[in-house]
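Chemist: Using UniProt numbering, the first residue of the sequence shown is number 1, and each one after it goes up by one. Heads up, the beta-carbon is just placed ideally off N, CA and C, and yes, glycines get one too.
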Amino acid sequence: MINENKSNKIKDKRVKEIFSKILESIDSSKIQINIILDNTRQEYETLVNQLENIKIEIDIVIKTVDILVNEDKSMRIKLVKATKNYKNNPSFDLKKIYDEAYAVKSKLLEAENKERNLRDRRDNIELSLRKVYGNIKISEKILHQIGIASSFLNGEIMSAMEGMDFESEMLVGVKVLEAQENERKRIARDIHDGPAQLMANLIMRTDICETILKKDFEEGIKELRELKIAVKKSLKEVRDIIFDLRPMSLDDIGLNQTIKEFINIVSRDLEMKINFNFEKINYEVESIIKVATYRIIQELLNNIKKHSKAKNVSIDLKYGKKYLSIKVEDDGIGFDVRNVLSEIKSKSNSFGLIGIYERVNQLQGEINITSENNKGVVFKIKLPISREVILDEKNGN
């Protein structure tokens, strides 16, 4: 038994060492990609400036060519007249006219050649810009994925592994794979039910447009306008799915503002007033807690939207030294809390609430639901602001 415990401790230590090395490698890759991304952005800016300068040069040269083309035409007419005069008057200075015409023609050829070269340079720069822009987008995507992996490994897994035995640590890997697979299924379903069907409809309507345009131009234009509306709708759904996966603004503008933006998106499609009250964040809230808070409010609003028939919703978000609190209240049809909690435990219904409960439990938080039929519902949730608070609570500090 002693040998077995010792063996497990050695395995625990090795697993933690492996995770630490993975994190070091991820952080190193993140730094390198950041450097590449910065350099690529600088290159992009340089190319943009070059392109603007070349476009200005092209405009100037085109005007010069137009002037020289007219001068060349005038000189040719002048040359024809001068040749006739020379036949009638041999003392007429024909060479001077020829020299003038030759000089104009030379300038015209030189300007046209310069225009061609500038256009070639412009085309090459535009091609380079597209490639560099593609590299920027790929780098940003990789950097974003690395950031998620780093946060997840450094946050949820490493903190969850504290105090675990080797067998439990192995189960973490299985849970991670299950979570990834469930997320892939959800994304696939969202895309299939939304943008994929819209795209299929767009292809069909494009064929219809082509047929209508051949028969009735005005009707074809009308159909194209409707097609444009459908494309915009499809684009909006794609953007909503991307925002739902991971709102980039969470890292850029913070938790409060990101929630406000999500509320604005939800409010656009509903006849429901949502009032959001929040405090200024005076204490540092860890990234994984911000994501969890956003996801919880997101899921609560989605549930209210689908089931509550509410006209008014209020959201209160407060920040303390160790905990943050979420209060979401609606004036909808409500539900029997005991029955719903029973369904959650059997996992036969209310999948949105299951997700909220699991997220709160994983973070050692608290959740309380108050509701009655036809009297709305109040959700009160308390979350620690960092892993340090979770560990302190576990250790009784």
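#1: Count the other C-beta atoms from every protein chain shown that fall within 10 angstroms of the C-beta of Arg-387, then say buried if there are 16 or more, exposed otherwise.
#2: Exposed or buried, Ser-342, counting other C-beta atoms within 10 Å across all chains shown (16 or more means buried)?
#3: Counting Cβ pairs closer than 8 Å, one from the stretch 123 to 135 and one from the stretch 41 to 56, do we hit at least three?
#4: When you compare only the Cα positions, how much space is there between Leu-324 and Tyr-283?
#5: Is the distance from the Cβ of Glu-393 to the Cβ of Gln-364 below 8 Å?
#6: For the stretch 289 to 349, list the alpha helix (DSSP H) runs that are entirely contained and at least 4 residues long, ordered along the chain.
#7: In the DSSP assignment, find the unbroken alpha helix (DSSP H) run with Glu-261 in it and report its ends.
#8: Can you find the residues in the same chain that come closer than 7 Å, C-beta to C-beta, to Gly-163, ignoring five residues on each side of it along the sequence?
#9: From Glu-115 to Ile-58, what does the alpha carbon distance come to, in whole angstroms?
#10: Just to confirm the assignment, what range does the beta strand (DSSP E) spanning Gly-366 have?
#11: Note down the Cα distance separating Lys-228 from Glu-43, rounded to an integer number of angstroms.
#12: How big is the Cα-Cα spacing for Tyr-98 and Leu-79?
#13: Between which two residues does the beta strand (DSSP E) holding Asn-275 run?
#14: Around the C-beta of Arg-225, are 16 or more other C-beta atoms found within 10 angstroms, so that it is buried, or is it exposed?
#15: Could you tell me the distance, in whole angstroms, from the CA atom of Ser-267 to the CA atom of Ile-274?
#16: For Ile-333 and Leu-383, what's the separation of their Cα atoms in angstroms?
#17: Classify Lys-215 as buried or exposed, calling it buried when 16 or more other Cβ atoms lie within 10 Å of its own Cβ.
#18: Could you tell me the distance, in whole angstroms, from the CA atom of Asn-135 to the CA atom of Arg-76?
#19: Taking 8 Å as the cut-off, decide whether the C-beta atoms of Ile-367 and Val-377 are in contact.
#20: Would you mind giving the Cβ-Cβ distance between Asp-316 and Asn-256, rounded to the nearest angstrom? I have them listed as a contact below 8 Å.
#21: Which residues share a DSSP beta bridge with Ile-35?
#22: Where does Leu-47 fall in DSSP's three states?
#23: Output yes or no for whether 8 Å exceeds the beta carbon distance between Leu-51 and Lys-107.
#24: To the nearest angstrom, report how far apart Lys-105 and Thr-83 are at their CA atoms.
#25: At the level of alpha carbons, what is the spacing between Lys-311 and Asp-331?
#26: Am I right that Lys-322 and Ile-385 are in contact with their C-beta atoms under 8 Å? What's the rounded C-beta distance?
#27: Drop a sphere of 10 angstroms on the beta-carbon of Arg-359, count the other beta-carbons inside from all chains shown, and report buried for 16 or more, exposed for fewer.
Modeler: With the given structure in hand:
#1: By the 10 Å Cβ count, Arg-387 comes out buried.
#2: With fewer than 16 Cβ atoms within 10 Å of its Cβ, Ser-342 is classed as exposed.
#3: Yes, since at least three Cβ pairs between the stretch 123 to 135 and the stretch 41 to 56 fall closer than 8 Å, the two stretches touch.
#4: Taking C-alpha positions only, Leu-324 is separated from Tyr-283 by approximately 10 Å.
#5: In contact: Glu-393 and Gln-364 (Cβ atoms closer than 8 Å).
#6: For the stretch 289 to 349, whole alpha helix (DSSP H) runs of length 4 or above, ordered along the chain, are 337 to 346.
#7: Its alpha helix (DSSP H) spans residues 255 to 268.
#8: Low local confidence applies: a pLDDT of 47 at Gly-163 is under 50, so the model's placement there is unreliable, with the coordinate-based value given in what follows. Its chain contains no residue whose beta carbon lies nearer than 7 Å to that of Gly-163 once the 5 sequence neighbours on both sides are disregarded.
#9: The straight-line gap from Cα to Cα measures roughly 6 Å.
#10: In the sequence as displayed, the identity of residue 366 is Glu instead of Gly. For Glu-366, the enclosing beta strand (DSSP E) covers residues 366 to 371.
#11: Computed Cα separation, rounded: 35 Å.
#12: Computed Cα separation, rounded: 7 Å.
#13: Run containing Asn-275: 273 to 278, per the beta strand (DSSP E) assignment.
#14: Arg-225 comes out exposed.
#15: Rounded to the nearest angstrom, the gap between the Cα atoms of Ser-267 and Ile-274 is 7 Å.
#16: Distance from the CA atom of Ile-333 to the CA atom of Leu-383, rounded to whole angstroms, is 27 Å.
#17: Burial check for Lys-215: the Cβ neighbour count within 10 Å stays below 16, so the residue is exposed.
#18: Straight-line Cα distance between these residues: approximately 52 Å.
#19: Their beta carbons are not under 8 Å apart, which means Ile-367 does not touch Val-377 by this criterion.
#20: The beta-carbon separation of Asp-316 and Asn-256, rounded to 12 Å, does not stay under the 8 Å limit for a contact.
#21: DSSP output for Ile-35 lists no bridge partner at all.
#22: In this structure, DSSP gives Leu-47 a helical state, which the three-state scheme calls helix.
#23: Not in contact: Leu-51 and Lys-107 (Cβ atoms no closer than 8 Å).
#24: C-alpha separation (whole angstroms): 18 Å.
#25: Roughly 7 Å separates the two Cα atoms.
#26: Contact flag correct, Cβ pair sits at about 6 Å.
#27: Around the beta carbon of Arg-359, a 10 Å sphere encloses 16 or more other beta carbons of the protein chains shown; the residue is thus reported as buried.
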